[in-house]
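Protein chains in written order, with the working numbering: chain A, 33 to 250; chain B, 33 to 250; chain C, 33 to 250; chain D, 33 to 250.
Below, the structure written as structure tokens:
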């Protein structure tokens, strides 16, 4: 499994230039937007006057008070490779995220080894598992040679087949996703994904996704 | 594939009784709700005075003008059985519907025959297809006997494995779903589902989902 | 303020008739749908065999465990009359509900008295408040006579002006709405609305919206 | 009315640095993400090999074919000042956008002149309009002095009162918003907003929001 944070919400450089503002990160932006709902001051004044401590304080309170819209202003795009269709079927259920998934309707994914659950190895069944994959792969190619369209040949491909997705999710729904999927009841593969996402996102938004605020996750 | 319309939005019987109103169907309700936004008259007066022709006229216009909220007031719950996980993986992507799907984490689905694409039969590969299923099934049970949890044994189950879902969807998103999935570019299995849903829903909402309005679908 | 539950999700009578099932309420339906994801048994068997205690038990657990989709299967339509545009502006922010609101673009709402906050009466300012309304009303009509379209004349109408809405909301988002708006921090008018909705909905879904489960609301 | 594009989805600079990629704009990103669903090639190869013409071609097709998810990957945050609560009440109905609005519960907005519809001026009623505002303002302050909380004093403030919002919206829902609100049937103030947003966004995403593609807007 490989997860990369490829894009996220950032200030319009043109806006910063025009108003002579320093580059600020997403937490700074979200905390300023939040604060602007409660003051006469416009966003520009807030951005000029806010100090680091205020940002940390406002971000922390927004999570503690469940102000979803603050985290909701920040969007993130993740690239997710080397996962099974067990995972992707669960993942695309998250209705408030947007997905682009490699389609099996027009792409042959059999050059990649299928995902292997650790319990199969522990049960000493790894060889049977991979021999079965070889047979599946071979039947897939025979079907295609006999004229079956690959969108139909894929009916024999297992859940374990590798897939690749792009997920766009806002910070508020990401908090909900992490709460649900880092939980020990979550299935092992999606749990691994949630942990990798959490570790990536903490670098970009250390306050919003801090360990200390986990108990407030919604 | 078996599709049933098991529930839908209906007037509160208590409300009808209190106000001495006759039982009216969903289109009557939606057209009255729509009309109430543009008049001084309350909903009760509208429900008492509206005639059949006005209902047909208002429903027709709501589709022609793209007034999503009219159809959006009507929700439907469908039970969908005997479909593959190719279909369910596509289906749960529809973000504005709600799904409850039989889980492979705790349920063994191998007593049901897998979905067979017609092109496999046409290619004379039906026997190979079903022999491969027998081997897959047998390996699945061996894995479980060796102590692999069924949530991991399922990694070898194919896309063709039968599943069962419940889908709740509002009329507006259903119109979008039908437009997308009755289209000739749609994959054959989800197309078949869309057609069955359309034929069921036309009985309950003949004006909203009429053939004549298909060109206005959004 | 007048709130009525005018419609909600109910079993398709045709489905009950075909399968010879007794009429069941929404909680029965939602609990059966939830249970069907975890069993080999189909929905019909579950509906035939479930007893009252099991329904109560499953509904209770669905709230305690935060299984949103169970409550999410049940939709409700409320008619809301005699509220201000302070309330409606806040209300339509709830993004997962659907609204139909009486428009001021084509309807003159000045025959109805404006909403009066209790604190205005307490401050002895009721007369000034209603005299100001009379002047506003009179200017509104002058503007219209002078040829100002009513969609522009309404710019002088106050927040207190009465409006009327229809809200469709599913059970899961209703739980969130009630949590947020029954809270003592909520504004008094929307709080009153939330209380009236809660008291109506408890009659229809006594277990899902029971007082005992309030601590689990999301 | 003042509208500013303050932030939008941009590549993670760290990701570009690590993979030695040049800075690319949002359309480049969205077109690459779209293309990656249909190829064996990973996103990195696509980003390295794509030429300008291919980007234009893919973006154009995504709109023509109604591939919502391509535009849906790009989010934008707008700051909107100097608009009435007629506009904001309509605006926050767009359910797929996120809003942060200056609250009248804790902020006194009476230092700003109310929005004046051109038809009021044309009818020669500008003086009456502004005298009424002075009386309203004066009553508002009397109410506050007499102890009425400002969250209740605002009940007399007119629809014309100035407000300020932040709106986050993805490209797909923005296309829908523009279609609906640039339309001649839209109310004049929100139409003006839509036009300003369109002219801002065309600078950042000239292909996605080009005049030529307007007929395909959904």
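All C-beta atoms in this analysis are idealised placements derived from N, C-alpha and C, irrespective of residue type, glycine included. Remember, predicted model here, so these are calculated numbers, not experimental data.
For residue 111(D), count neighbouring C-beta atoms within 10 Å of its own C-beta (all shown protein chains included) and say buried if the count is 16 or more, exposed if not. Stepping through the fourth chain from its first residue, residue 111(D) is reached at position 79. Buried, because 16 or more other Cβ atoms sit within 10 Å of the Cβ of residue 111(D).
Boundaries (first-last residue) of the beta strand (DSSP E) holding residue 131(D): On the fourth chain, position 99 is the one that residue 131(D) refers to. Its beta strand (DSSP E) spans residues 130 to 133.
Buried or exposed: where does residue 49(C) fall if 16 or more other Cβ atoms within 10 Å of its Cβ makes it buried? In the third chain, residue 49(C) corresponds to position 17, counting from 1. Exposed.
Could you tell me which uninterrupted alpha helix (DSSP H) segments, each at least 4 residues in length, are contained entirely in the stretch 67 to 143 of chain C, listed from first to last along the chain? 75 to 81, 84 to 96, 100 to 104, 117 to 123
Interfacial residues, the stretch 59 to 87 of chain D to chain A, with Cβ spacing under 8 Å: 61, 65, 66, 68, 69, 70, 71, 72, 74, 75
Along chain D, in chain order, which residues have C-beta atoms closer than 9 Å to that of residue 209(A)? The residue labelled residue 209(A) in the question sits at position 177 within the first chain. Ordered by position in chain D, no residue passes the 9 Å Cβ test against residue 209(A), which lies about 17 Å from the chain.
Just mark residue 156(D) as buried or exposed, buried being the case when its beta carbon has 16 or more other beta carbons within 10 Å. Taking the first residue of the fourth chain as 1, we reach residue 156(D) at position 124. Residue 156(D) is exposed by the Cβ-count criterion.
What did DSSP end up calling residue 225(A) once you bin it into helix, strand or coil? Your numbering for residue 225(A) matches position 193 in the first chain. Residue state, collapsed to three classes: helix.
List, in order along the chain, the chain C residues whose C-beta lies closer than 7 Å to that of residue 184(D)? Here residue 184(D) refers to the residue found at position 152 when the fourth chain is read from its first residue. Result: 149, 151, 152.
Whole-angstrom Cβ separation of residue 219(C) and residue 122(C), contact assumed at under 8 Å? Within the third chain, numbered from 1, the residue matching residue 219(C) stands at position 187. Within the third chain, numbered from 1, the residue matching residue 122(C) stands at position 90. Yes, they are in contact, since the Cβ atoms of residue 219(C) and residue 122(C) sit about 7 Å apart, within 8 Å.
For residue 40(C), which residues from the same chain have a beta carbon less than 6 Å from its beta carbon, with the 5 sequence-adjacent residues on both sides left out? Numbered from its first residue, the third chain carries residue 40(C) at position 8. Correct list, in chain order: 108.
Report the option in 78(D), 51(D), 38(D) whose CA atom is closest to the CA atom of residue 61(A). The sequence position of residue 61(A) within the first chain is 29, counting from 1. Comparing Cα positions, the closest option is 38(D).
Note the first and the last residue of the continuous beta strand (DSSP E) segment covering residue 195(A). By one-based count along the first chain, residue 195(A) stands at place 163. Segment 194 to 202, the beta strand (DSSP E) holding residue 195(A).
C-beta atoms of residue 188(B) and residue 174(B) nearer than 8 Å: On the second chain, residue 188(B) is found 156 positions in, with the first residue counted as 1. On the second chain, residue 174(B) is found 142 positions in, with the first residue counted as 1. Their beta carbons are not under 8 Å apart, which means residue 188(B) does not touch residue 174(B) by this criterion.
Neighbour list for residue 36(A) in chain D, Cβ cutoff strictly below 7 Å: For this step, residue 36(A) is matched to residue 4 along the first chain. Under the 7 Å cutoff, chain D gives 47.
Grab me the residues of residue 223(A)'s own chain with a C-beta within less than 7 Å of its C-beta, minus the 5 sequence neighbours each way, in chain order. In the first chain, residue 223(A) corresponds to position 191, counting from 1. Cβ neighbours of residue 223(A) beyond the five flanking positions: 213, 214.
In chain A, which residues lie less than 7 Å from residue 43(D) when you measure between Cβ atoms? Taking the fourth chain and counting its residues from 1, the one referred to as residue 43(D) is at position 11. Going along chain A in sequence order, the residues near residue 43(D) (Cβ under 7 Å) are 38, 39.
Bridge partners for residue 41(B) per DSSP, in chain order? If you number the second chain from 1, residue 41(B) lands on position 9. Its beta-bridge partners are 41(C).
Could you list which residues in chain A have their beta carbon closer than 7 Å to that of residue 189(B), in chain order? As a first step, residue 189(B) must be located in the second chain, where it is residue number 157. Chain A residues near residue 189(B): 190, 191.
Can you tell which of 140(B), 99(B), 241(B) has its C-alpha closest to the C-alpha of residue 182(B)? Counted from its first residue, the second chain places residue 182(B) at position 150. Of the candidates 140(B), 99(B), 241(B), the one whose C-alpha sits nearest the C-alpha of residue 182(B) is 140(B).
Please identify, using Cβ separations under 7 Å, the residues of the stretch 119 to 150 of chain B that lie next to chain G, in order along the chain. The chain labelled as chain G is not found among the protein chains of the depicted structure, namely A, B, C and D.
Residue 34(A) in three-state terms, based on DSSP: Counted from its first residue, the first chain places residue 34(A) at position 2. Three-state DSSP puts residue 34(A) in a strand.
Can you round the beta-carbon distance between residue 124(A) and residue 66(A) to whole angstroms, since I take them to be within the 8 Å contact cut? Mapped onto the first chain, residue 124(A) falls at position 92. Mapped onto the first chain, residue 66(A) falls at position 34. That pair is no contact at about 30 Å.
Whose C-beta lies closer than 6 Å to the C-beta of residue 91(A) among residues of the same chain, with five residues either side of it excluded? Start at 1 with the first residue of the first chain, and residue 91(A) comes out as number 59. Within the same chain, residue 91(A) has close Cβ partners 59, 63, 239, 240.
Pick helix, strand or coil for residue 251(B), following the three-state DSSP scheme. Given a span of 33 to 250 for chain B in the structure shown, any question on residue 251(B) remains unanswerable.
Which residues bound the alpha helix (DSSP H) around residue 160(A)? For the purposes of this step, residue 160(A) is taken as the residue at position 128 of the first chain. 158 to 177 is the extent of the alpha helix (DSSP H) around residue 160(A).
Three Cβ pairs or more, each shorter than 8 Å: is that satisfied between the stretch 128 to 138 of chain B and the stretch 194 to 208 of chain B? yes
Would the beta-carbon of residue 57(A) fall within 8 Å of that of residue 118(A)? Looking up residue 57(A) in the first chain gives position 25. Looking up residue 118(A) in the first chain gives position 86. It is not a contact, given that the beta carbons lie outside the stated cut-off.
Residue 237(B) versus residue 54(B): straight-line alpha-carbon distance, rounded: Your numbering for residue 237(B) matches position 205 in the second chain. Your numbering for residue 54(B) matches position 22 in the second chain. So the alpha carbons of these two residues sit roughly 18 Å apart.
Give me the Cβ distance between residue 184(B) and residue 106(B), rounded to the nearest whole Å; I'm assuming they're in contact under 8 Å. As a first step, residue 184(B) is located in the second chain; it is residue number 152 there, counting from the start. As a first step, residue 106(B) is located in the second chain; it is residue number 74 there, counting from the start. Going by Cβ atoms, the distance from residue 184(B) to residue 106(B) rounds to 41 Å, so no, they are not a contact pair.
Residue 230(B) vs residue 210(B) beta-carbon contact at 8 Å: Residue numbering aside, residue 230(B) sits at position 198 when the second chain is read from its first letter. Residue numbering aside, residue 210(B) sits at position 178 when the second chain is read from its first letter. Taking 8 Å as the Cβ cut-off, residue 230(B) and residue 210(B) qualify as a contacting pair.
Skipping 5 residues on each side, what residues in its chain have a beta carbon closer than 6 Å to that of residue 79(C)? Here residue 79(C) refers to the residue found at position 47 of the third chain. Correct list, in chain order: 53, 64.
Figure out for me which residue from 153(C), 242(C), 138(C), 143(C) has the closest Cα to the Cα of residue 180(C). Mapped onto the third chain, residue 180(C) falls at position 148. Here the closest residue by C-alpha is 138(C).
I'd like to know if residue 164(D) contacts chain C, where contact means its C-beta is closer than 8 Å to some C-beta of that chain. Reading the fourth chain from its first residue, position 132 is the one you call residue 164(D). Judged by the 8 Å Cβ criterion, residue 164(D) is in contact with chain C.
Which residues DSSP lists as bridging residue 190(B), in chain order: Reading the second chain from its first residue, position 158 is the one you call residue 190(B). Looking at the DSSP assignment, residue 190(B) forms a beta bridge with 190(A).
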